[in-house]
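Here the structure is laid out as structure tokens; the discussion comes afterwards.
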Amino acid sequence: MPTSGPFSTSRKISGRPSAVRPATGPRAGFLPGARRRIEELVYGRGWEAEYPRPVWRLRNLGIVHSHTSTITFEKITQSWLRDLAKRWARWRLSGGLGAVRAGVRMVARFSAFLPAGVTGLAQADRALLERYLADLHAAMGGRSTHNAHISNLNTFLRTIRVHRWDETLPGNAAFVPEDYPTPPPLLPRSVAEYVMAQLEDPANLARRQDPARRLITLVLIRCGLRITDAINLPLDPVVHDAEGAPYLRYFNHKMKREALVPIDEELEQQLRDHQRRILEEWPEEVSVLFPRTDANLRGDRPISTSGYRISLAEWLQLCETRDECPGAYTSRRAELAE
Numbered sequence: 001m002p003t004s005g006p007f008s009t010s011r012k013i014s015g016r017p018s019a020v021r022p023a024t025g026p027r028a029g030f031l032p033g034a035r036r037r038i039e040e041l042v043y044g045r046g047w048e049a050e051y052p053r054p055v056w057r058l059r060n061l062g063i064v065h066s067h068t069s070t071i072t073f074e075k076i077t078q079s080w081l082r083d084l085a086k087r088w089a090r091w092r093l094s095g096g097l098g099a100v101r102a103g104v105r106m107v108a109r110f111s112a113f114l115p116a117g118v119t120g121l122a123q124a125d126r127a128l129l130e131r132y133l134a135d136l137h138a139a140m141g142g143r144s145t146h147n148a149h150i151s152n153l154n155t156f157l158r159t160i161r162v163h164r165w166d167e168t169l170p171g172n173a174a175f176v177p178e179d180y181p182t183p184p185p186l187l188p189r190s191v192a193e194y195v196m197a198q199l200e201d202p203a204n205l206a207r208r209q210d211p212a213r214r215l216i217t218l219v220l221i222r223c224g225l226r227i228t229d230a231i232n233l234p235l236d237p238v239v240h241d242a243e244g245a246p247y248l249r250y251f252n253h254k255m256k257r258e259a260l261v262p263i264d265e266e267l268e269q270q271l272r273d274h275q276r277r278i279l280e281e282w283p284e285e286v287s288v289l290f291p292r293t294d295a296n297l298r299g300d301r302p303i304s305t306s307g308y309r310i311s312l313a314e315w316l317q318l319c320e321t322r323d324e325c326p327g328a329y330t331s332r333r334a335e336l337a338e
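Be aware that the sequence shown starts at 1, since it is given in full-length UniProt numbering, and climbs by one per residue.
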């Protein structure tokens, strides 16, 4: 083992135990990574090893995703419902991990709602679903997630019926179009210049203490990328045309292809400076410009989308970002975080 550097095991020996600082940067991913390797040797890989587990480790299934490593069923407390949710999740994997994880979370909410007396799918009739609709309405009141919960649970029940995974499912266990809430009017997609001026204010940008997240924010503002595309930038994202003009090279996840966007020399320099810091702090295998600091031994997993969104919302609140209309503060902040 090395005696210096990010993976150093050296400790000052004294007559009493010394305080051990928590690992940061690439060191934080060393022990979890080592543990995963040992578990693979002991328990094996593939569906035979993962399917019975309450948390599926996607790498052990041959599924590598930049910011999704597990699917958890721990919050589905009824064994009969958990078994069906696992079968549904495995059947849907080809449709995308995001949809699978969202569907499992929404089945987990239904699990938490179920009364203790419900011991099987035979009791999940229309009357029970109507009570669940009332519970959703009280908790969500027509927000976008309200619609998603109904839609995912309906798809779950319909799939069980079509594939005959459980013949005890009542025939009336389904949602109808009238059960879905009326969607609220959409906010405008563009951000007003009045608001953008506040976001680009150097004093406000300086409030983002984490240089990685500050640079991601700059990329979003100046290049118009989606958050998913920005956090997944490769380690060396800058290319030049024949005349030497710089471009940001990124993968457009929505269009599923690489794309280029012109950038100025100032942003190019900031990207180069950040790249230099990453190369100094991480092992040679690092492949992304914004690696997450935990569970990331090889440096190939970027900052999570959810983590960045949370930090962005906190920053917008700290900056007290406001629209020209004083009453629009809350809705505008929510829109920017989206």
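Glycine included, every Cβ here is placed at the ideal spot set by N, Cα and C. Just so it is clear, the structure is predicted and the values come from calculations on it, not from any experiment.
Span of the alpha helix (DSSP H) around residue i
| i | result |
| --- | --- |
| residue 89 | 79-92 |
| residue 314 | 305-319 |
| residue 65 | Note, residue 65: premise wrong, no alpha helix (DSSP H); not H, not E. |
| residue 259 | First-last for residue 259: 257-262, but that is the beta strand (DSSP E), not the alpha helix (DSSP H). |
| residue 100 | 97-113 |
| residue 238 | It is not in any alpha helix (DSSP H) - residue 238 instead sits in the beta strand (DSSP E) that spans 238-240. |
| residue 194 | 193-200 |
| residue 235 | Counting along the chain, residue 235 falls outside any alpha helix (DSSP H), and DSSP gives it neither H nor E. |
| residue 132 | 126-140 |
| residue 49 | 47-50 |
| residue 271 | 265-281 |
| residue 214 | 211-223 |
Residue i, buried or exposed, once every other Cβ within 10 Å from all chains shown has been counted against 16
| i | result |
| --- | --- |
| residue 321 | buried |
| residue 280 | exposed |
| residue 172 | exposed |
| residue 9 | With a pLDDT of only 39 at residue 9, under the threshold of 50, the placement of this residue in the model should not be trusted, and no figure is reported. |
| residue 217 | buried |
| residue 318 | exposed |
| residue 260 | exposed |
| residue 86 | buried |
| residue 69 | buried |
| residue 112 | exposed |
| residue 299 | buried |
| residue 267 | buried |
| residue 14 | Only weak support exists for where residue 14 lies, its pLDDT of 40 falling under 50; the coordinates are left without a value. |
| residue 103 | buried |
| residue 395 | Outside the shown range of the chain, which is 1 to 338, sits residue 395, and nothing can be said about it. |
| residue 241 | exposed |
| residue 310 | exposed |
| residue 229 | buried |
| residue 41 | exposed |
Segment limits, beta strand (DSSP E) that includes residue i
| i | result |
| --- | --- |
| residue 252 | 246-252 |
| residue 146 | Taken as a continuous stretch (DSSP letters only), residue 146 belongs to no beta strand (DSSP E), being part of the alpha helix (DSSP H) at 144-163. |
| residue 57 | 55-57 |
| residue 231 | Taken as a continuous stretch (DSSP letters only), residue 231 belongs to no beta strand (DSSP E), being part of the alpha helix (DSSP H) at 227-231. |
| residue 288 | Careful: residue 288 lies outside any beta strand (DSSP E) and carries neither H nor E. |
| residue 71 | 70-72 |
8 Å Cβ cutoff met for residue i and residue j
| i | j | result |
| --- | --- | --- |
| residue 158 | residue 174 | yes |
| residue 179 | residue 150 | yes |
| residue 139 | residue 324 | no |
| residue 302 | residue 292 | yes |
| residue 61 | residue 47 | yes |
| residue 156 | residue 107 | yes |
| residue 205 | residue 214 | yes |
| residue 289 | residue 202 | no |
| residue 52 | residue 73 | no |
| residue 166 | residue 84 | yes |
| residue 315 | residue 226 | no |
| residue 251 | residue 258 | yes |
Cβ separation of residue i and residue j, assumed to be a contact under 8 Å, to the nearest whole Å
| i | j | result |
| --- | --- | --- |
| residue 99 | residue 92 | 7 Å |
| residue 56 | residue 38 | Rounded, the Cβ-Cβ distance is 18 Å, inconsistent with contact. |
| residue 121 | residue 169 | 5 Å |
| residue 246 | residue 265 | 7 Å |
| residue 231 | residue 305 | 6 Å |
| residue 223 | residue 199 | Rounded, the Cβ-Cβ distance is 14 Å, inconsistent with contact. |
Chain B contact for residue i (CB, 8 Å cutoff)
| i | result |
| --- | --- |
| residue 144 | Absent here is chain B; the protein component of the structure consists of one chain. |
Residue i beta carbon near the ligand ATP (any heavy atom closer than 7 Å)
| i | result |
| --- | --- |
| residue 105 | You won't find the ligand ATP in this model; it holds no ligand whatsoever. |
May I ask you to verify whether the region 256-274 touches the region 218-226, counting CB pairs closer than 8 Å and requiring at least 3?
yes
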